[in-house]
Amino acid sequence: MSHFNAERVRADTPALTRVINGRPITYLDSGASSLPPRTVIEAMDEYYRLRHANVHRGVYQTAIEATDAYEGARAAIAQFLNAPGGSEGVVFTKNCTEAFNLLAKSWGAANLKDGDAVLLTEMEHHANIVPWFQLRETIDLDIRFIPVNDLFELDLTAIHDLLKGVKLLSLTAMSNVLGTVNPVQELATLAHAQGALVAVDAAQSVGHMPTDLVELDVDFMMFSGHKMLGPTGIGVFWARPEILATMPPFLGGGGMIADVRTDGYTPATGFTRFEAGTPMIAEAVGLHAAVRYLEGLGLDNVQTHDRALTVDAISRINHQFNGRVRIIGPTAHDNRGGVISLDVDGVHPHDIAQVLDEIGVCVRPGHHCAKPLMRRFGLAATARASFGPYSLTSDTDALLEGLQRAITFFG
Amino acid sequence: MSNLEELYKEIILDHYRTPRNRGELAPPASKTEGFNPLCGDELTVYLEVTDGKIVDIKITGHGCSISQASSSLMSVAVKGKTLEEVREVLSKFKNMMTLEGDVVDLNDPANREVLRSLGELAALQGVSKFPVRIKCATLAWNTLSQGLEEN
Ligand SMILES: Cc1ncc(COP(=O)(O)O)c(C=O)c1O
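Right, dumping it as structure tokens:
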């Protein structure tokens with residue numbers, strides 16, 4: 230049974246004890262990076278204090294423990310995602326961005342040919358755009374974008390045409406700017422019917438809603454540990470094991486080989502092929518603790534909590550600021566994530582964030598690494614507030630207070 | 018003065034709300050674009066240089082109050098000046114922005130003289146206490162110096 234109590238999560242999160250400019254911190258930037266609970270920090274600490282050794286091939290006690298800890302994290306991730314094939318498809322990377330580079334530069338380079346199409350969406354993070362443009366420098370790819378409509382959702386009216394000739398549909402499960410949750414499962418069905426594979430950017434969703442790879446029926450998934458209460462420096466690339474088995478190596482070096490001779494080398498098989506060099510062992514331990522913690526909260530509870538906070542914040546923003554503050558994201562229903570992008574008439578997002586910082590409120594101004602999306606809406610930047618499982622309506626109170634101050638200050 | 022009032026001095030807010038020398042100049046005036054890739058601020062500086070003098074300057078673009086006010090203040094400071102005078106203001110301004118605000122000893126007559134000679138531009142000195150905002154204040158100036166090089 231899972232228990233969810235945001236006050237408890239807050240008490241578990243040491244970073245939330247900070248006082249900034251004389252006020253308790255109001256952390257509304259979990260979309261950029263989440264704050265780890267004590268169990269994550271302690272697991273990594275304990276690992277370094279007692280168990281640290283390099284993984285694989287170790288014979289002595291602590292090396293075996295380190296290997297078990299590292300592989301245990303892989304198994305926990307596989308279970309967390311309900312991944313077909315279990316651990317076999319789970320590759321640890323540095324972050325979500327590296328996972329996309331692995332997809333484009335290994336699978337993409339080996340499987341895409343001149344004239345092949347890759348279908349993205351207009352709301353993608355640069356991590357799911359730039360690697361494809363880089364690949365286009367060597368393969369003449371047709372890179373397409375599913376448009377975003379004025380309700381901040383994917384415009385699927387021309388989806389059948391857009392999917393023609395597509396080899397890969399790669400899209401985000403949840404927009405890091407709009408909070409929009411995309412119909413991944415439906416799109417995966419359509420894409421598969423056209424013979425395309427499907428990759429999902431779960432960076433924003435995996436720590437905020439249940440993820441079931443069997444149900445979603447997609448082929449690749451990528452995300453970062455630090456947005457799901459885990460540490461920085463670790464991310465996950467998941468591929469169906471039978472696809473992973475056909476992919477050429479990405480980075481080369483120790484760890485990823487079966488044999489090296491003076492005339493060449495033979496890569497290892499399975500996930501090992503993609504993990505060159507000493508991996509992020511402590512971070513894997515931390516990520517494992519984060520997964521356990523999230524499972525303890527229950528991802529459906531986290532999602533319900535996010536929704537309640539978001540619906541409340543949107544209605545209070547609309548009510549209090551009466552059109553002066555525009556929400557760049559869906560507002561008509563609650564099937565969205567806890568990411569709220571704001572456009573304040575007459576006050577630039579940087580100035581908003583600066584005024585908010587005065588009362589200890591952390592929000593992010595900027596383009597959020599989604600410039601095509603910002604261009605689509607004629608914006609250079611937004612001020613983005615985003616919730617985590619430790620967020621409370623008192624955080625929204627502070628946000629509203631700060632917005633009011635900024636509006637009063639700039640007139 | 019609170020931190021915010023030090024950053025957003027009245028002169029800055031005034032230039033932000035009512036920017037001077039906004040608009041474009043037709044060729045043969047030069048046109049130089051500047052970007053702050055981190056925050057998406059963009060501006061374009063149009064310069065008309067005749068006989069070694071900036072006879073006209075216009076600026077378009079968008080950005081935060083600091084970048085907008087800084088470009089407006091800059092346009093006023095350099096319009097009608099000789100290139101030599103402009104280069105001097107440029108270098109004084111850049112020096113002011115790289116000095117850590119807390120470290121500038123305002124009791125030092127030399128520093129006071131520099132700030133005094135910068136006139137209204139000195140209002141931007143408070144920005145140097147906010148390191149992440151320095152790029153906002155210097156965007157227009159970097160674009161201007163690029164424009165002068167190309168001229
Ligand atoms: C939707 C989405 N995709 C990808 C990324 C990239 O994550 P990272 O910077 O950890 O590689 C982010 C992070 O901002 C994101 O929000």
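Keeping their order, the protein sequence lines are chains D and W.
Just so we're aligned, residue 230 is where the first sequence starts under the working numbering, counting upward by one.
Just so we're aligned, residue 18 is where the second sequence starts under the working numbering, counting upward by one.
Each residue gets a CB set at the ideal place from its N, CA and C atoms; glycine is no exception.
Residues of the stretch 72-93 of chain W whose Cβ lies closer than 7 Å to any Cβ of chain D, in chain order: His79, Gly80, Cys81, Ser82. By the beta-carbon neighbour count (other beta carbons within 10 angstroms, threshold 16), D:Glu366 is exposed. For D:Glu327 and D:Asp430, the gap between their C-alpha atoms comes out near 12 Å. Sixteen is the threshold: since fewer than 16 other Cβ atoms of the shown chains lie within 10 Å of the Cβ of D:His548, the residue is exposed.
Spanning the alpha carbons of D:Tyr276 and D:Val410 requires a straight line of approximately 36 Å. Per DSSP, D:Ile293 lies in no beta strand (DSSP E) segment; the continuous alpha helix (DSSP H) that holds it begins and ends at 290-310. Taking every protein chain shown into account, the CB of D:His389 has fewer than 16 other CB atoms within 10 angstroms, so this residue is exposed. Annotated three-state conformation of W:Tyr63 is strand, per DSSP. What D:Val465 touches in chain W, judged by beta-carbon distance under 9 Å, is nothing: the nearest beta carbon there is about 28 Å away. Using beta-carbon distances, D:Gly607 does not count as an interface residue toward chain W, since no partner is under 8 Å. Linking D:Leu602 to D:Ile372 through their CA atoms gives a straight-line distance of about 16 Å. Residue contact check for W:Glu59 against chain D: a CB pair falls below 8 Å. When 8 Å is used as the limit between beta carbons, D:His354 is near no residue of chain W, the shortest such separation being about 15 Å.
Remark: C-beta atoms of W:Leu24 and W:Leu156 do not approach each other more closely than 8 Å.
Between D:Val573 and D:Phe479, the alpha-carbon positions lie close to 44 Å from each other.
Under the 8 Å criterion on CB atoms, W:Asn159 is classed as non-interfacial with respect to chain D. When DSSP assignments are scanned along the stretch 42-98 of chain W, the uninterrupted stretches of alpha helix (DSSP H) that are 4 or more residues long and fall wholly within it turn out to be 82-95. Remark: C-beta atoms of W:Val62 and W:Thr160 approach each other more closely than 8 Å. With a contact defined as Cβ atoms closer than 8 Å, D:Leu458 and D:Val269 qualify at about 6 Å. Relative to ligand 1, the beta carbon of D:Asn405 is positioned inside 7 Å of a heavy atom. Taking the Cα of D:Thr622 as reference, the smallest distance to any Cα among D:Leu571, D:Ile543, D:Asn551, D:Gly552 is reached at D:Ile543. Put simply, the CB of D:Phe638 is near chain W, with a gap under 8 Å to one of its CB atoms.
Contact of W:Leu55 with chain D is assigned, a C-beta pair being separated by under 8 Å.
Here DSSP, grouped into helix, strand and coil, assigns D:Ser259 to coil. Contacts between W:Leu21 and chain D, judged by CB atoms closer than 8 Å, involve Gln583, Val584, Glu587, Phe638 in chain order. If you check the CB distance, D:Val377 and D:Leu385 do not come in under 8 Å.
Here the stretch 469-487 of chain D lies against the stretch 502-516 of chain D, with 3 or more beta-carbon pairs under 8 Å apart. The three-state reading of DSSP puts D:Pro439 in coil, since its state is none of H, G, I, E or B.
Selection W:His79, W:Leu64, W:Gly78 evaluated against W:Val72 yields W:Leu64 as nearest (Cα-Cα). D:Arg593: member of the beta strand (DSSP E) spanning 593-595, first to last residue.
Inclusion of D:Leu398 and D:Leu416 in the CB contact set at 8 Å is warranted, their separation being smaller than that value.
By the 16-neighbour rule on beta-carbons within 10 angstroms, W:Arg150 is buried. Look at D:Val284 here: in three-state DSSP terms it is coil, with no helix or strand label. Beyond the five residues adjoining it in sequence on each side, D:Ala282 comes within less than 6 Å, by CB distance, of Thr291, Ala292, Ala295 in the same chain, given in chain order. In the DSSP annotation of this structure, the continuous segment of the alpha helix (DSSP H) that includes W:Tyr33 starts and ends at 27-34. Distances from the CA of D:Gly525 to each of D:Pro266, D:Gly607, D:Asp369, D:Val443 were compared; the closest alpha carbon is that of D:Pro266.
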